Amino acid sequence: MRNELLKQAKRIVVKIGSSLIASRATGLRPEQIERLAGELAALRTGGREVLIVSSGAIVSGITKLQLKEYPKSLPVKQAAAAVGQSRLMWAYEKSFERLGVQVAQVLLTHHDLADRRRFLNARHTLAALIGFGVVPIINENDTVAVDEIRVGDNDTLASEVAHLIDADLLVILSDVDGLYTDDPRKTPSATLIPLIPEITDDIERRAGASSTFEGTGGMATKVRAAKKVGEYGVATLILNGQQAGLLPKVLNGGEGGSLFVAKGRRLTSRKQWIGYTLRPRGSVRLDQGAVDALTQRGKSLLASGIVDVQGEFEAGDPVACVNPEGKEFAKGLVNFSSALLSRMKGLKTQDIQQQLGPQEYEEVIHRDNLVIL
Numbered sequence: 030m031r032n033e034l035l036k037q038a039k040r041i042v043v044k045i046g047s048s049l050i051a052s053r054a055t056g057l058r059p060e061q062i063e064r065l066a067g068e069l070a071a072l073r074t075g076g077r078e079v080l081i082v083s084s085g086a087i088v089s090g091i092t093k094l095q096l097k098e099y100p101k102s103l104p105v106k107q108a109a110a111a112v113g114q115s116r117l118m119w120a121y122e123k124s125f126e127r128l129g130v131q132v133a134q135v136l137l138t139h140h141d142l143a144d145r146r147r148f149l150n151a152r153h154t155l156a157a158l159i160g161f162g163v164v165p166i167i168n169e170n171d172t173v174a175v176d177e178i179r180v181g182d183n184d185t186l187a188s189e190v191a192h193l194i195d196a197d198l199l200v201i202l203s204d205v206d207g208l209y210t211d212d213p214r215k216t217p218s219a220t221l222i223p224l225i226p227e228i229t230d231d232i233e234r235r236a237g238a239s240s241t242f243e244g245t246g247g248m249a250t251k252v253r254a255a256k257k258v259g260e261y262g263v264a265t266l267i268l269n270g271q272q273a274g275l276l277p278k279v280l281n282g283g284e285g286g287s288l289f290v291a292k293g294r295r296l297t298s299r300k301q302w303i304g305y306t307l308r309p310r311g312s313v314r315l316d317q318g319a320v321d322a323l324t325q326r327g328k329s330l331l332a333s334g335i336v337d338v339q340g341e342f343e344a345g346d347p348v349a350c351v352n353p354e355g356k357e358f359a360k361g362l363v364n365f366s367s368a369l370l371s372r373m374k375g376l377k378t379q380d381i382q383q384q385l386g387p388q389e390y391e392e393v394i395h396r397d398n399l400v401i402l
């Protein structure tokens, strides 16, 4: 299964960790960028489509600005990103140009992905670049992003990009070999796990315990990214990017890294967007009957099954559906505001019409706008 998945993957998102191409002491590491560019160019020659999500801009900017420590304030961090991003792109431009490959810079924020029109525009732009044989190099637009529109770490951004362009495989390159059975620094007998068919609670626990293996992201964020893309049909390979030639070797069936297998289903792009890109503005807690209707019978959500409404939202906003124990199990686009829904909860359709008057919709969330997580 592993070799077949890796060999057949045509469209690949490759996330390159900051520790591979940048150093607080020296700034960018051009020799590493050139090596990785060569390996990725070789994949393209072999018929693969490659998109890069690259860290390293802020670290590069810190060195250029001669900052003594990692910036704590947002303006200084954004200033470092602005300085470092141009240097990072120039390094990629030079490295790929020697190989006859064109690159393009694409900067995104969560706002670009959460707005459906902008999401589709970004999707079409990336598809056009791939069609022209250009390698997109993607990063978060750190110079303008604030907490409300930040994607977060680049592992998460890479998972969003994998969804954005319907990738076959997400590759996360860092300075670790993959996921181990335990922390190998503390347990010498720990072994690498080459294939993870399912991300269980035990796997997430191991990832959390190994989050100190590397720099900023950590193994926990990588496994979360793998879990996220796995839900909509994309496998993830976590691999040591410091070992020259390992990436093409593994993609051609060689040993190395940890491969997280995707779930069998593949949602439509729109449902992927609702379920895994949008951030809930609030939540509705359901009774068990409503939970069963949604998860077992594919029904839409009606007001009669709602026990409680949390947060402030408007019609059309994304909301989380939680079960009686408070666990989120679904997400969807709601047809009513939180103020109106607070008055409708628990009421049958005929009672809503009698007490609140005729409503435009019968369903609180139509099944076409609902994703079971």
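With this note's numbering applied, the sequence shown corresponds to residues 30 to 402, in that order. Glycine residues also receive a C-beta, built at the ideal position from the N, C-alpha and C atoms. These figures come from a predicted structure and were not determined experimentally.
Assigned secondary structure, residue i (DSSP; H/G/I helix, E/B strand, else coil)
| i | result |
| --- | --- |
| Glu189 | helix |
| Glu357 | strand |
| Arg235 | helix |
| Arg314 | strand |
| Leu276 | helix |
| Gln134 | strand |
| Ile62 | helix |
| Tyr209 | strand |
| Leu69 | helix |
| Val320 | helix |
| Ser84 | coil |
| Leu198 | strand |
| Ala352 | In the sequence on display, residue 352 carries Asn and not Ala. Correct three-state label for Asn352: coil. |
| Glu98 | coil |
| Asn32 | helix |
| Asn281 | coil |
| Ser89 | helix |
| Gln388 | coil |
| Asp230 | helix |
| Asp182 | coil |
Cβ-Cβ distance between residue i and residue j below 9 Å
| i | j | result |
| --- | --- | --- |
| Thr138 | Asn183 | no |
| Lys123 | Pro226 | no |
| Leu385 | Cys350 | no |
| Phe358 | Leu323 | yes |
| Ile222 | Met248 | no |
| Glu260 | Leu224 | no |
| Lys292 | Gly285 | no |
| Ala319 | Gly334 | yes |
| Gly90 | Ala111 | yes |
| Leu315 | Lys360 | no |
| Ala133 | Ile166 | yes |
| Asp197 | Lys39 | yes |
| Ile159 | Glu233 | no |
| Ile201 | Thr265 | yes |
| Gly345 | Leu369 | no |
| Leu275 | Gly282 | no |
For residue i, the residue or residues it bridges with in DSSP
| i | result |
| --- | --- |
| Arg40 | Glu78 |
| Ala54 | Ala54 pairs with nothing; no bridge assigned. |
| Pro347 | Leu362 |
| Glu169 | Leu137 |
| Ser203 | Asn269 |
| Ser48 | Paired residues: none, contrary to the question. |
| Ile225 | Phe289 |
| Ile394 | Leu330 |
| Val164 | Val132 |
Burial state of residue i (16 or more Cβ within 10 Å)
| i | result |
| --- | --- |
| Thr241 | At Thr241, the pLDDT of 35 sits below 50, so the modelled position is not reliable and the matter cannot be decided from this model. |
| Pro418 | No answer is possible for residue 418: it lies beyond the span of the chain, which begins at 30 and ends at 402. |
| Gln114 | buried |
| Gln95 | exposed |
| Val393 | buried |
| Leu69 | buried |
| Phe407 | With the chain running from 30 to 402 in the structure shown, residue 407 is simply not present. |
| Trp119 | exposed |
| Glu391 | exposed |
| Phe1 | Look at the range of the chain in this structure, 30 to 402, and you will see that residue 1 is not part of it. |
| Arg7 | Residue numbering for the chain in the displayed model covers 30 to 402; residue 7 lies beyond these limits and cannot be assessed. |
| Ala108 | buried |
| Tyr99 | exposed |
Boundaries of the alpha helix (DSSP H) in which residue i is found, first to last residue
| i | result |
| --- | --- |
| Ala264 | Segment Ala264 to Asn269 is the beta strand (DSSP E) holding Ala264; no alpha helix (DSSP H) there. |
| Lys256 | Gly247 to Glu260 |
| His153 | Arg145 to Gly160 |
| Ser371 | Ser367 to Met373 |
| Val112 | Leu103 to Glu126 |
| Thr378 | Thr378 to Leu385 |
| Ile303 | Ser298 to Tyr305 |
Continuous beta strand (DSSP E) stretch holding residue i: start and end
| i | result |
| --- | --- |
| Gly340 | Ile335 to Gly340 |
| Phe289 | Ser287 to Phe289 |
| Leu399 | Leu399 to Ile401 |
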